[in-house]
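Taking it in order: structure first as structure tokens, then the write-up.
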Amino acid sequence: MKNSGRQVKDLLYAQVARIGKAVCSPKRLELIDLLCQGEKPVERLAAEAQISLKLASAHLKELRLAHLVEARKEGKHVYYRLTGNAVADFWVAIRSLAEDRLLDLQAALDKLTEHPSQLQPLSGKELLARARNGEVMVLDVRPTSEYAAGHLPYAQSMPLDELKKRLAELPRDKPIVAYCRGPFCLMAVEAAELLNQKGFQAIRFEEGVAEWRAHGLPVEVEQ
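Residue numbers (our numbering): 13 to 235.
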């Protein structure tokens, strides 16, 4: 009976360890982070993670075996998505734990917030209230497909590569809050720097859709 109980416990821990094994690669974590933004074809995931298509497919296979991602085929293309919001919450939780415990990670993140314009000035609830009242403009600088898959309420889509051409659409009489994929993403940093250089009042909001949802705040999806 005692040995039987031990075997069951070993099996239970071994099953949980499958998740740890599946996410033990930095690139697999990056792929999860990318998929927090919405469904993507494997070719795009490979390009954004800057790895070969073959390697991306191998990493995604391991994530699929752990039931963290799922795939569908459309024509010649294979599209991947997270199996649920719990996977995005897991990514936010493990990244937050790493930020809290690892000094090297804290130092790397500090480099993103060296300038005042890049600091997150308010909480998610405060940002939501100020955006609702029209006190700030929230700018989503991710690709339009990611905005359509899920975005912060009251946010306007303006991808980083379109920003220079669309400056006339932006207000100069109130702050602009730019956000992208979360703390590890540089698009909002670049957007804030560009806007401030052009005379706008711009700040970077550190969190993205995954963090926003993990806090229990509403996320809007394009119909």
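A virtual CB, placed ideally from N, CA and C, is assigned to each residue, including glycine.
Between the alpha carbons of residue 105 and residue 134, how many angstroms are there, rounded? Going from the Cα of residue 105 to the Cα of residue 134 covers about 20 Å.
Please decide whether residue 71 counts as near chain E, where near means a Cβ-Cβ distance under 8 Å. Here chain E cannot be found, since the structure has a single protein chain.
Does the distance from the C-beta atom of residue 229 to that of residue 140 stay below 8 Å? Cβ distance < 8 Å, so residue 229 and residue 140 count as in contact.
On the three-state DSSP scale, how would you describe residue 173? Under the three-state reduction of DSSP, residue 173 is assigned to helix.
Quick one: what's got a C-beta closer than 7 Å to residue 121's C-beta in the same chain, skipping five residues either side? 111, 195.
So what does DSSP say about residue 235, is it helix, strand or coil? The three-state secondary structure of residue 235, taken from DSSP, is coil.
Check whether the Cβ atoms of residue 72 and residue 54 sit closer than 8 Å, and answer yes or no. Closer than 8 Å, so yes.
For residue 199 versus residue 172, is the C-beta spacing smaller than 8 Å? Contact flag set, yes.
Between the stretch 43-50 and the stretch 72-89, are three or more C-beta pairs nearer than 8 Å? Taking one beta carbon from each stretch, the stretch 43-50 and the stretch 72-89 have 3 or more pairs nearer than 8 Å; the two touch.
Pull up the DSSP beta-bridge partners for residue 188, would you. Bridge partners of residue 188: 149, 214.
Taking the straight line between their C-alpha atoms, what separation do you get for residue 234 and residue 58? C-alpha of residue 234 to C-alpha of residue 58: approximately 25 Å in a straight line.
Which word fits residue 96, buried or exposed, when buried means at least 16 other C-beta atoms lie within 10 angstroms of its C-beta? Its Cβ having fewer than 16 others within 10 Å, residue 96 is exposed.
Have a look at residue 118 and residue 185 and give me their C-alpha separation to the nearest angstrom. Computed Cα separation, rounded: 34 Å.
Measure the CB-CB distance between residue 161 and residue 51 and report whether it falls below 8 Å. Yes, Cβ-Cβ distance for residue 161 and residue 51 is below 8 Å.
Is it buried or exposed for residue 163, if we count other Cβ within 10 angstroms and need 16 for buried? Residue burial annotation: residue 163 is buried, with at least 16 other C-beta atoms found within 10 angstroms of its C-beta.
Mark residue 138 as exposed unless 16 or more other C-beta atoms lie within 10 angstroms of its C-beta, in which case mark it buried. Exposed, by the Cβ-count rule.
Is it the case that the Cβ atoms of residue 192 and residue 153 are separated by a distance below 8 Å? Cβ distance < 8 Å, so residue 192 and residue 153 count as in contact.
Using a threshold of 8 Å, state whether the C-beta atoms of residue 61 and residue 43 are closer than that. Cβ atoms of residue 61 and residue 43: closer than 8 Å.
If you run the structure through DSSP and keep just helix, strand and coil, what is residue 49? In this structure, residue 49 counts as coil in the three-state DSSP scheme.
Using 8 Å for Cβ pairs, my map puts residue 203 next to residue 175. What's the rounded Cβ distance? The Cβ separation is near 6 Å, so the contact holds.
Report yes if the CB atom of residue 180 is closer than 8 Å to the CB atom of residue 151, and no otherwise. For residue 180 and residue 151, no; Cβs fall outside 8 Å.
Does the distance from the CB of residue 213 to the CB of residue 188 come in under 8 Å? Going by C-beta atoms, residue 213 is nearer than 8 Å to residue 188.
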